[in-house]
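S.K.: Could you have a look at this structure, given as structure tokens, before my questions?
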Ligand code: ADP
Ligand code: ADP
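In UniProt numbering, the protein residues as written are 1 to 227.
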């Protein structure tokens, strides 16, 4: 079953002499539960693509459909709600809120939606993330690996259909990298979540079901690695 469809998406930044075509008429679709690695040289348009899929950067032209919703046809309020419920975004540099503790950072998407935290589910999630003895810590009291696990908790708390990660291990050593990828793979398998990861690490890319290569704003290769 198709969960994501990208139709003729282009993104142009700037104008005149600073005009850059970051994405040039990109189309592809992803099935529910797929784990897709997005690879390609620096500056090829990978982050731009992920941000457009995540509803945080509007394409210049083209459409993004997530579970048949044309996300850029929504108004800003509807899009913000859709994003919080359906999309989990994970960045290289965590983007945690420094004045909120671990529990508050993880549950933020629920609070913004005026929804109750299910204490049992939160407990299970913190246990899986290995953060149960860190619930009251602030981000700057945690190691890099722990901060990324908090960011993953925040991305997963709503059990989103689509999880998007931009170089999630780019700032971590190999042991922490492996833990983070194992967590994302576990969630992908357990909840049949669809996972797209931008990575420069061939070891990570080769664990995916499919590898999409982006170059100069275009998809130049789209390979099935395993079925
Ligand atoms: P990648 O993630 O593959 O490194 P990006 O998507 O970050 O590539 O960038 C693609 C191209 O778009 C690059 O040439 C970059 O300089 C340009 N770009 C990205 N973001 C912006 C922006 N906010 N304003 C102007 N140009 C941008
Ligand atoms: P890792 O094995 O993930 O690299 P570190 O060696 O960085 O972990 O940290 C070891 C422990 O010290 C972690 O449990 C972390 O919670 C704690 N810690 C790291 N930095 C700080 C800090 N600035 N303030 C308080 N505790 C910290």
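All C-beta atoms, glycine included, are put in the ideal place defined by N, C-alpha and C.
Residue 84 and residue 109: beta carbons closer than 8 Å?
M.R.: Reading the chain shown from its first residue, position 84 is the one you call residue 84. Reading the chain shown from its first residue, position 109 is the one you call residue 109. It is a contact, given that the beta carbons lie within the stated cut-off.
S.K.: Following a CB-centred definition, is residue 22 positioned closer than 7 Å to any heavy atom of ligand 1?
M.R.: Here residue 22 is taken as the residue at index 22 of the chain shown, counted from 1. The answer is yes for residue 22.
S.K.: Using the C-alpha atoms, what's the distance from residue 16 back to residue 197?
M.R.: Locating residue 197 in the chain shown gives position 197, counting from the first residue. Locating residue 16 in the chain shown gives position 16, counting from the first residue. Taking the straight line from one Cα to the other gives about 33 Å.
S.K.: Can residue 88 be considered in contact with ligand 1, in the sense that its beta carbon sits closer than 7 Å to one or more heavy atoms?
M.R.: Residue numbering aside, residue 88 sits at position 88 when the chain shown is read from its first letter. False, no ligand heavy atom lies under 7 Å from that Cβ.
S.K.: Compute the minimum distance between the beta carbon of residue 44 and the heavy atoms of ligand 1, and state whether it is under 7 Å.
M.R.: The residue labelled residue 44 in the question sits at position 44 within the chain shown. Yes, Cβ of residue 44 sits closer than 7 Å to a heavy atom of ligand 1.
S.K.: Which parts of the segment 82–115 are runs of the alpha helix (DSSP H), unbroken and 4 residues or longer, counting only runs that do not cross its ends?
M.R.: 102–112
S.K.: Exposed or buried, what is residue 203 when buried is set at 16 or more other beta-carbons lying within 10 Å of its beta-carbon?
M.R.: In the chain shown, counting from the first residue as 1, residue 203 sits at position 203. When all chains shown are included, residue 203 counts as exposed.
S.K.: Can we say the segment 71–81 touches the segment 7–15, given the rule of at least three CB pairs closer than 8 Å?
M.R.: Result no; under three Cβ-Cβ pairs closer than 8 Å.
S.K.: Pair every Cβ in the segment 130–147 with every Cβ in the segment 187–196, then say whether three or more of these pairs are closer than 8 Å.
M.R.: Here the segment 130–147 makes no contact with the segment 187–196; the two share fewer than three CB pairs at distances below 8 Å.
S.K.: Check whether the segment 136–146 touches the segment 52–63, taking contact to mean three or more Cβ pairs, one atom from each stretch, closer than 8 Å.
M.R.: Judged by Cβ distances under 8 Å, the segment 136–146 makes no contact with the segment 52–63, as fewer than three pairs qualify.
S.K.: Judging by CA-CA distance, which residue of 148, 161 and 157 is the nearest neighbour of residue 182?
M.R.: Indexing the chain shown from 1 puts residue 182 at position 182. If we check each option's Cα against that of residue 182, 148 comes out closest.
S.K.: Between residue 158 and residue 113, what straight-line distance do the alpha-carbon atoms span, to the nearest angstrom?
M.R.: Here residue 158 is taken as the residue at index 158 of the chain shown, counted from 1. Here residue 113 is taken as the residue at index 113 of the chain shown, counted from 1. Their backbone Cα atoms lie some 10 Å apart in a straight line.
S.K.: Return the chain-ordered list of same chain residues with a C-beta closer than 8 Å to the C-beta of residue 44, the five sequence neighbours on each side being excluded.
M.R.: Here residue 44 refers to the residue found at position 44 when the chain shown is read from its first residue. Same-chain partners within the cutoff: 214, 215, 216 and 217.
S.K.: Hey, could you find the ends of the alpha helix (DSSP H) residue 156 is sitting in?
M.R.: In the chain shown, the residue the question calls residue 156 occupies position 156. Residue 156 -> alpha helix (DSSP H) spans 144–156.
S.K.: When every heavy atom of ligand 1 is checked, does at least one fall within less than 7 Å of the C-beta of residue 13?
M.R.: Here residue 13 corresponds to residue number 13 of the chain shown, with the count starting at 1. The answer is yes for residue 13.
S.K.: Please identify the residue among 33, 21, 24 and 26 whose C-alpha is closest to the C-alpha of residue 3.
M.R.: What you label residue 3 is simply residue 3 of the chain shown in a count that begins at 1. Relative to residue 3, the option among 33, 21, 24 and 26 whose CA is nearest is 33.
S.K.: Can the beta-carbon of residue 176 be found less than 8 Å from the beta-carbon of residue 144?
M.R.: The count along the chain shown starts at 1 and reaches residue 176 at position 176. The count along the chain shown starts at 1 and reaches residue 144 at position 144. Going by C-beta atoms, residue 176 is nearer than 8 Å to residue 144.
S.K.: Cβ atoms of residue 87 and residue 79: under 8 Å apart, would you say?
M.R.: For the purposes of this step, residue 79 is identified with residue 79 of the chain shown, where counting begins at 1. For the purposes of this step, residue 87 is identified with residue 87 of the chain shown, where counting begins at 1. Cβ atoms of residue 79 and residue 87: not closer than 8 Å.
S.K.: Tell me whether residue 40 counts as near ligand 1, meaning its Cβ is closer than 7 Å to at least one heavy atom of that ligand.
M.R.: Locating residue 40 in the chain shown gives position 40, where the first residue counts as 1. The answer is yes for residue 40.
S.K.: Using the rule of at least 16 other Cβ atoms within 10 Å of the residue's Cβ for burial, across every protein chain shown, is residue 231 buried or exposed?
M.R.: No information on residue 231 is available, as it lies outside the stretch 1 to 227 that the chain covers here.
S.K.: Are residue 89 and residue 150 touching if we call contact CB-CB under 8 Å?
M.R.: The residue labelled residue 89 in the question sits at position 89 within the chain shown. The residue labelled residue 150 in the question sits at position 150 within the chain shown. Result no, Cβ atoms of residue 89 and residue 150 do not sit closer than 8 Å.
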